[in-house]
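Input: a single structure, listed below in structure tokens.
4 protein chains.
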Amino acid sequence: MSMNSFGHLFRVTTWGESHGPALGATVDGCPPGIKVDEAMLQHWLDKRKPGQNKFTTQRQEPDQVRILSGVFEGQTTGTPIQLMIANTDQRSKDYGDIVEKFRPGHADITYWQKYGIRDYRGGGRSSARETAARVAAGGIARAVIDALAPGVKITGYMVQIGPHTITGERDMSQIDQNPFWVPSPETAETWADYLNGLRKSGNSVGAMIEVVAQGVPAGLGAPVYAKLDTDLAAAMMSINAVKGVEIGEGMAAAMLTGEENADEIFMGNDGKPVFSSNHAGGILGGISTGQDVVVRFAVKPTSSILKTRQTITKSGEAAEIITKGRHDPCVGIRAVPVGEAMMACVILDHILLHRGQIGGEVGETRGKVGPTLG
Amino acid sequence: MSMNSFGHLFRVTTWGESHGPALGATVDGCPPGIKVDEAMLQHWLDKRKPGQNKFTTQRQEPDQVRILSGVFEGQTTGTPIQLMIANTDQRSKDYGDIVEKFRPGHADITYWQKYGIRDYRGGGRSSARETAARVAAGGIARAVIDALAPGVKITGYMVQIGPHTITGERDMSQIDQNPFWVPSPETAETWADYLNGLRKSGNSVGAMIEVVAQGVPAGLGAPVYAKLDTDLAAAMMSINAVKGVEIGEGMAAAMLTGEENADEIFMGNDGKPVFSSNHAGGILGGISTGQDVVVRFAVKPTSSILKTRQTITKSGEAAEIITKGRHDPCVGIRAVPVGEAMMACVILDHILLHRGQIGGEVGETRGKVGPTLG
Amino acid sequence: MSMNSFGHLFRVTTWGESHGPALGATVDGCPPGIKVDEAMLQHWLDKRKPGQNKFTTQRQEPDQVRILSGVFEGQTTGTPIQLMIANTDQRSKDYGDIVEKFRPGHADITYWQKYGIRDYRGGGRSSARETAARVAAGGIARAVIDALAPGVKITGYMVQIGPHTITGERDMSQIDQNPFWVPSPETAETWADYLNGLRKSGNSVGAMIEVVAQGVPAGLGAPVYAKLDTDLAAAMMSINAVKGVEIGEGMAAAMLTGEENADEIFMGNDGKPVFSSNHAGGILGGISTGQDVVVRFAVKPTSSILKTRQTITKSGEAAEIITKGRHDPCVGIRAVPVGEAMMACVILDHILLHRGQIGGEVGETRGKVGPTLG
Amino acid sequence: MSMNSFGHLFRVTTWGESHGPALGATVDGCPPGIKVDEAMLQHWLDKRKPGQNKFTTQRQEPDQVRILSGVFEGQTTGTPIQLMIANTDQRSKDYGDIVEKFRPGHADITYWQKYGIRDYRGGGRSSARETAARVAAGGIARAVIDALAPGVKITGYMVQIGPHTITGERDMSQIDQNPFWVPSPETAETWADYLNGLRKSGNSVGAMIEVVAQGVPAGLGAPVYAKLDTDLAAAMMSINAVKGVEIGEGMAAAMLTGEENADEIFMGNDGKPVFSSNHAGGILGGISTGQDVVVRFAVKPTSSILKTRQTITKSGEAAEIITKGRHDPCVGIRAVPVGEAMMACVILDHILLHRGQIGGEVGETRGKVGPTLG
């Protein structure tokens, strides 16, 4: 058991603090013979990189990933892959005020209470910088998925920021064209205005992210505690600042009747089952149906804000706190690539688990649906 | 790795199908010297037992739990505890229609596709009967918590059914006084009328359950993948039919600003920190704050309904399906004691993990907050 | 993590005490669609059953195994298989003396010191009866291996009892023809005389068992902490009373030179590598070579003897102890089927792990040796 | 599950290949507040470092360890500790011959067959260089043990090389005074002569190492698959080239009678049980007795030798092989600090497990032996 690892067969352990010399991920269980290089991982890290626009922290980190092991002559060898990202911009002096005071809504006080010692610089281990390691590991997962289950496509985007949801039609081709990864240019403009105002006032705001995996073969997952949705819920909830996770209909399932919720089943022209709707979010009984796997998660607002809040010091004295420094007004923005990375890791993990317990090629279902020829 | 186990140090493995000879749970890692007997566990099982009113399945199961190992002369010995519940009411003939047809919204099709074989009788392993084993294991967890951390109190109740939320003030003393475990007699009446109508029409409906753990000591949890909220999200999402999980503010955190979300901190009269609010749901950075731990989860409507739905057979032919038999019109009702059991297991697990890594007595925090005497 | 489980993907958890109502094993991760019934498991349990001759305990237990879950219409379903063996012969009164006194060489004192409570009846959890559950689980593993890797054959036999090793040539066809599972009828006679004398004097003796797996495909195992030999060492050392484990040359490897130890490699007529010798015991770098996998383990003598030994009571007073009751004069005899069961579980586990990480059919190696056709 | 991790609560994952940029260990679950710095770890690494005398490989590696995370202001924080050792002496050109040919007795062929790709440079992941990471992790474990259980002392030494055992009395003070860590100066001289001869002839030889842990509190371990001896067997067998592991009497237990093997129990003057002998090697029923924990393991001879051996190439052609390059004539020598490190990790792991499940201070037994005052 490791408290900093996730995954069953594709097992990722992250390590490192915000202001230590480096952080990274140890990836164990990766299949051999997969083409992987640093540039492929860097592509995803660049998507998460801070300082790219005025809506993310102005901390300047190249977030350059190095592969220290497990890859030989451009291919994975089946041995552990060590991914390291050096911390280059460690302006520790910015964080002087939080050495003694606990930021409301932040892990400062719980780390202190649990461990009796904490690396207060930039939030230490509780910093969202830890998610850079996840994105790097997710890059490995994507490369393996591309080799083993080529049709799978994973896409994350924001669907809400504060009170604002997406307006108008969704245009998925627009996701990479705006700082919010929102599939709607008009929405992006509205959100930019809104967030600009918040940022200038020193405030922050929450967000909701949706991640969709298309082309996931039927049959992935395992009842009853390694369900695909169980593992996705854990994966997303483990991301910094996440307070809720939904699959398919999600919390709104409480409002549906059985008649409404039943995704009716038909035979498709390709001889595979098709469904009239996807309330299930692509998962029934913890196992994928072949439909899109749809997950949403809510990210709370950054707790480091320029607004004055009441708190206490380590010695128990009442105090006011304003957190200066370089913080994201909406940390949810950078959670998009992190959510995608977690989705990739979980799906790959279940592909490997499926091969292990069930055998056969990915994408084949063991129980055939449809006429038996003979 | 086990796909049917949960927990790190307090490790529960459930087994059994709806219509096999028995089902149960293997509980490993239980501390020794704890008073446990079958009557203590039966108390919780009776709460979940079917057939108690017209809103739950009319299947008549005594759900009598037997302790087969790990308890000697009324006390746990530290060795594995085997809990067995015989299946006495196995009317397999009721389920003839679903041998060939897949119920929309049910795990029928995914189990078939994954395994190529499934115990179709009563849903087999995917049946909600599996949760009886969880409730029994949760009874063990509660007994241990009572011994190690006596102040902890775990309470579950429904907060929504279909479109209906709780109306009026909450009165926690009323939870056990109505079939919905809802803390409001008036609400219970409204809900009874609503559900009666649905039941008679052969339909079903979803629900939302809230589980609160009071008196949880600060410092439980472990970054970054064995967070208290990560483990709670996995535990709740693994329950049959659950589609979403929230901690504290939950999905609504997306709508808050940082100023609103910050639970301000003060010193309480007892020398412990107190908070102005609990948007965090008692967890910051994956570690408990000492506030109430608050979890909500949404349960989708039962998929076995008397309404006609379109589906296919195993051989791929189009078919209509009506599921007769004895089913819950709102399976969320019986999920209340299951949610409580999962909360108990997760909290105990983290108590043991905390003792292991950090040491010291439960309820002591390692990092003191407040004036140092000397 | 479970302290009573072993295996990665094929995961076995045993439970139960010597004189409780029952004991058993929960088997998780078993592939679906494998033919399994109680009679198949009973075959192996009968081999281990006590009271079959004068060299094993006279306790009369039918050791009848029941399958409570995970098997439907004669085939595994991929869900957890619960195996239960009722304890029918619980003559607790025999064990009165050991309630207060600790038997030298027995787990009495350590269980007491660790847990502060112990089920003293028949050794409780530390009894060799626990191994019945392993043999049942091993029966499942054998059935799966037969389906997935039909050429694998696992055979255990005794190679030493006290000072006596095997004399003369080994005749493997004789293993089932004598109470020692020794591949030599003459040796069996010598051993019978020797053990008879010991038994009558109320003494006991140790033994050494060898287990060989033939037909194991090359490529099973995983560096560096899930090596095939690492897992075999753990599996065998976890058996009651085992004090040493060897692979291939074993402890004698300390005496060899590199020149002697190098198993030279040639191409066989079937296009697979062959080796001039098998000092390696079929494992190099933790991965199977395709040769026979050879494991030996030493079992210490039964500690419950009729000889007077000095000990202390729970209250610390000096005392003499003679253990009456029905005990094996050489518990090593009944360890033979247990060793076979553990070998079966470990090999199956690594077959599944290999499928998971590497893919492909069992018996295929990913890296081909030999001329490439084209 | 990770194939490159060991430990339950104190969890070590090693990564890296012989000739990659670096190797290291991720240590998860370390208690907070423990003084650790690089110099403390370097002390143990220097003991294992190659090139210190003519009996170990002449590869010149400083083996300088860096702590990249988990330690703040000289103390552990409870978060993952990343230990990195750069590979500075990567003379890849030495290894040209083994790109195509498999060394007999080496993992070359099995890695190739399993993965279809291998980093042949210096043995890649199968190189004994991996053990440097274990020694670094063991340094952390020792520091924690010193803080939590100050009386524990772990000492490893060689007891056999080829046909030569220790002659004369053992003088533990001499262990650090000779290249073999043998507790006898005379023996060291004999061994030096013997090994010099072998080395000059281009041959290598096996060895046997004993590791003793003194002062281990009673009660550590956990039946039945996380036994202290089970975990020690796995830990030692996972070390490169190890072929056998013994606890206490070990393989020789097969030769003892029950009367001989029974370590009789008496009350010591300090109110703790004492034993007349230690055939058990400090472990009964998988749980420590309070006596010295004694483990031995056999290391096979280095397979890279200057003697000509028959082998095949990847394309299946017969070939002769002589392995030039810088190799240890007796790799067992450098296994001594590795065995100590594994012992430290296992004992610490069980200290933490014990605290978790049982509670209380280390060294306290829960079940008291001796008169109850009051």
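Chains A, B, C and D, in that order, are what the protein sequence lines are.
Using our numbering, you'd call the opening residue of the first sequence number 1 and step up by one each time.
Using our numbering, you'd call the opening residue of the second sequence number 1 and step up by one each time.
Using our numbering, you'd call the opening residue of the third sequence number 1 and step up by one each time.
Using our numbering, you'd call the opening residue of the fourth sequence number 1 and step up by one each time.
Ideal placement from N, C-alpha and C gives every residue a C-beta, glycine not left out.
If you measure from the beta carbon of GLY131 (chain C) to each beta carbon in chain A, is any gap under 8 Å? For the purposes of this step, residue 131 (chain C) is identified with residue 131 of the third sequence, where counting begins at 1. Note that residue 131 (chain C) is Thr in the sequence shown, not Gly. Judged by the 8 Å Cβ criterion, THR131 (chain C) is not in contact with chain A.
Between the Cα of ARG118 (chain D) and the Cα atoms of D:ARG134, D:MET84, D:VAL294 and D:LYS101, which residue gives the shortest distance? What you label residue 118 (chain D) is simply residue 118 of the fourth sequence in a count that begins at 1. The candidate whose alpha carbon is nearest that of ARG118 (chain D) is D:LYS101.
Complete beta strand (DSSP E) runs within the stretch 64-118 of chain D (minimum length 3 residues, chain order): 65-69 and 81-86
Tell me which residues share the same chain as VAL182 (chain C) and place their Cβ nearer than 8 Å to its Cβ, disregarding the 5 neighbours each side in the sequence. Taking the third sequence and counting its residues from 1, one reaches residue 182 (chain C) at position 182. Cβ neighbours of VAL182 (chain C) beyond the five flanking positions: TYR157, MET158, VAL159, ILE166, GLN174, ILE175, ALA188 and TRP191.
Hey, does GLY219 (chain D) have any beta-carbon neighbour from chain B nearer than 8 Å? Indexing the fourth sequence from 1 puts residue 219 (chain D) at position 219. By this cut-off, GLY219 (chain D) is not an interface position.
Would you grab the beta carbon distance between ILE209 (chain C) and MET342 (chain C) for me? Rounded to a whole angstrom, and I think it's under 8 Å. Numbered from 1 along the third sequence, position 209 holds the residue referred to as residue 209 (chain C). Numbered from 1 along the third sequence, position 342 holds the residue referred to as residue 342 (chain C). With a Cβ gap of about 11 Å, ILE209 (chain C) and MET342 (chain C) do not count as contacting.
Count the other CB atoms within 10 Å of the CB of VAL71 (chain D); is the residue buried (16 or more) or exposed (fewer)? Numbered from 1 along the fourth sequence, position 71 holds the residue referred to as residue 71 (chain D). By the 10 Å Cβ count, VAL71 (chain D) comes out buried.
Nearest CA to the CA of HIS106 (chain C): which residue from C:SER303, C:GLY74, C:ALA344 and C:LYS54? In the third sequence, counting from the first residue as 1, residue 106 (chain C) sits at position 106. Nearest option by C-alpha distance: C:SER303.
Beta-carbon gap between PHE266 (chain C) and GLN310 (chain D) smaller than 8 Å: Mapped onto the third sequence, residue 266 (chain C) falls at position 266. Mapped onto the fourth sequence, residue 310 (chain D) falls at position 310. Closer than 8 Å, so yes.
Shorter than 8 Å from the beta carbon of THR372 (chain B) to some beta carbon of chain D? Within the second sequence, numbered from 1, the residue matching residue 372 (chain B) stands at position 372. Low confidence applies to THR372 (chain B): its pLDDT is 47, below 50, so where it sits in the model is not reliable enough to give any reading.
Taking Cβ positions, are ASP146 (chain A) and PRO80 (chain A) nearer each other than 8 Å? The residue you call residue 146 (chain A) lines up with position 146 of the first sequence. The residue you call residue 80 (chain A) lines up with position 80 of the first sequence. No, the pair does not count as a contact, with Cβ atoms beyond the cut-off.
Return the Cβ separation of MET237 (chain A) and VAL224 (chain A) in integer angstroms, given the expectation that the two are a contact with Cβ distance under 8 Å. Here residue 237 (chain A) refers to the residue found at position 237 when the first sequence is read from its first residue. Here residue 224 (chain A) refers to the residue found at position 224 when the first sequence is read from its first residue. So it is not a contact: roughly 18 Å between Cβ atoms.
For a contact defined as C-beta to C-beta under 9 Å, what are the partners of PHE72 (chain D) on chain A? Working through the fourth sequence from its first residue, we reach residue 72 (chain D) at position 72. Neighbours of PHE72 (chain D) on chain A, chain order: GLU17, GLY20, ILE117, ARG118, ASP119, TYR120, ARG121 and GLY124.
Just to check my reading of the structure: VAL9 (chain C) and GLY360 (chain C) have Cβ atoms closer than 8 Å, yes? What is that Cβ distance to the nearest angstrom? For the purposes of this step, residue 9 (chain C) is taken as residue 9 along the third sequence, with counting starting at 1. For the purposes of this step, residue 360 (chain C) is taken as residue 360 along the third sequence, with counting starting at 1. The identity of residue 9 (chain C) in the sequence shown is Leu, whereas the question assumes Val. The pair is not a contact, with the Cβ atoms about 16 Å apart (cut-off 8 Å).
Would you kindly report the start and end of the unbroken beta strand (DSSP E) that includes VAL294 (chain A)? Here residue 294 (chain A) corresponds to residue number 294 of the first sequence, with the count starting at 1. 293-299 is the extent of the beta strand (DSSP E) around VAL294 (chain A).
Classification of ALA39 (chain D) by the beta-carbon crowding that lies within 10 angstroms, buried from 16 upward: Position 39 of the fourth sequence holds residue 39 (chain D). Exposed, by the Cβ-count rule.
Who does ALA213 (chain B) pair with in a DSSP beta bridge? Position 213 of the second sequence holds residue 213 (chain B). Answer by DSSP bridge pairing, in chain order: B:ILE154 and B:VAL293.
For SER184 (chain A), I'd like the list of residues in its chain whose CB is within less than 8 Å of its CB, leaving aside the five on either flank, ordered along the chain. Translated into the one-based positions of the first sequence, residue 184 (chain A) becomes position 184. For SER184 (chain A), where only same-chain residues beyond five positions count, the Cβ hits under 8 Å are ILE166, THR167, GLY168, GLU169, ARG170, ASP171 and GLN174.
Let me make sure I understand the geometry here. Which of D:LEU23, D:GLY215 and D:SER127 has the alpha-carbon closest to that of VAL65 (chain D)? As a position in the fourth sequence, residue 65 (chain D) is number 65, starting the count at 1. Taking only the C-alpha atoms, the option nearest VAL65 (chain D) is D:LEU23.
DSSP on HIS354 (chain D), reduced to helix/strand/coil? For the purposes of this step, residue 354 (chain D) is taken as the residue at position 354 of the fourth sequence. Helix at HIS354 (chain D).
How would you write the range of the alpha helix (DSSP H) that ASP146 (chain B) sits in, first residue to last? Residue mapping note: residue 146 (chain B) aligns to position 146 of the second sequence, counting from 1. 130-148 is the span of the alpha helix (DSSP H), which, as asked, contains ASP146 (chain B).
Looking at the C-beta of ARG355 (chain C), does it have a partner C-beta in chain B at a distance below 8 Å? As a position in the third sequence, residue 355 (chain C) is number 355, starting the count at 1. Closer than 8 Å: no.
According to DSSP, is THR14 (chain B) helix, strand or coil? Along the second sequence, one-based indexing puts residue 14 (chain B) at 14. Residue state, collapsed to three classes: strand.
CB-CB length for VAL144 (chain A) against TRP44 (chain A), believed under 8 Å: As a first step, residue 144 (chain A) must be located in the first sequence, where it is residue number 144. As a first step, residue 44 (chain A) must be located in the first sequence, where it is residue number 44. In fact, because the Cβ distance is near 14 Å, the residues do not count as touching under 8 Å.
Close-in-space but distant-in-sequence residues of the same chain around PRO104 (chain B) (CB under 7 Å, 5 per side omitted): Mapped onto the second sequence, residue 104 (chain B) falls at position 104. So the qualifying residues of the chain are SER303, ARG309 and THR311.
Which of the residues in the stretch 282-293 of chain B, read from start to end, lie with their CB under 9 Å from any CB of chain A? ILE283, LEU284, GLY285, GLY286, ILE287, SER288, THR289 and GLY290
Closest by CA to ARG296 (chain B), which one among B:THR289, B:ILE287, B:ALA25 and B:GLY281? Within the second sequence, residue 296 (chain B) is the residue found at index 296, counting from 1. Selected option, being the one with the closest Cα: B:GLY281.
Excluding the 5 residues preceding and the 5 following PRO179 (chain A) in the sequence, name in chain order all residues of the same chain whose CB lies nearer than 6 Å to its CB. If you number the first sequence from 1, residue 179 (chain A) lands on position 179. Result list for PRO179 (chain A): ASN53 and PHE55, in chain order.
DSSP three-state call for HIS43 (chain A): helix, strand or coil? The sequence position of residue 43 (chain A) within the first sequence is 43, counting from 1. Reduced to three states, the DSSP call for HIS43 (chain A) is helix.
Name, please, each residue of chain C whose Cβ falls closer than 8 Å to the Cβ of HIS106 (chain D). Translated into the one-based positions of the fourth sequence, residue 106 (chain D) becomes position 106. Going along chain C in sequence order, the residues near HIS106 (chain D) (Cβ under 8 Å) are LEU284 and GLY285.
Determine the chain D residues that contact ARG296 (chain A) at a beta-carbon separation under 8 Å, and present them in chain order. Working through the first sequence from its first residue, we reach residue 296 (chain A) at position 296. Going along chain D, no residue has its Cβ under 8 Å from ARG296 (chain A), so there is no contact; the nearest lies around 29 Å.
Taking Cβ positions only, does THR230 (chain B) come closer than 8 Å to chain D? Locating residue 230 (chain B) in the second sequence gives position 230, where the first residue counts as 1. With 8 Å as the cut-off, THR230 (chain B) does not count as an interface residue toward chain D.
Quick one: give me the first and last residue of the alpha helix (DSSP H) that ARG419 (chain B) is part of. Only positions 1 to 374 of chain B appear in this structure, which leaves residue 419 (chain B) out of reach.
What's the gap between the Cα of PRO62 (chain D) and the Cα of LYS49 (chain A)? Counting from one through the fourth sequence, the residue named residue 62 (chain D) turns up at place 62. Counting from one through the first sequence, the residue named residue 49 (chain A) turns up at place 49. Cα-Cα distance, rounded: 35 Å.
Less than 8 Å separating the beta-carbons of GLY286 (chain D) and LEU228 (chain D)? For this step, residue 286 (chain D) is matched to residue 286 along the fourth sequence. For this step, residue 228 (chain D) is matched to residue 228 along the fourth sequence. Yes, the Cβ-Cβ distance between GLY286 (chain D) and LEU228 (chain D) is below 8 Å.
Given that THR79 (chain C) touches chain A, what residues does it touch there, using C-beta distances under 9 Å? The residue you call residue 79 (chain C) lines up with position 79 of the third sequence. In chain order: PRO223 and VAL224.
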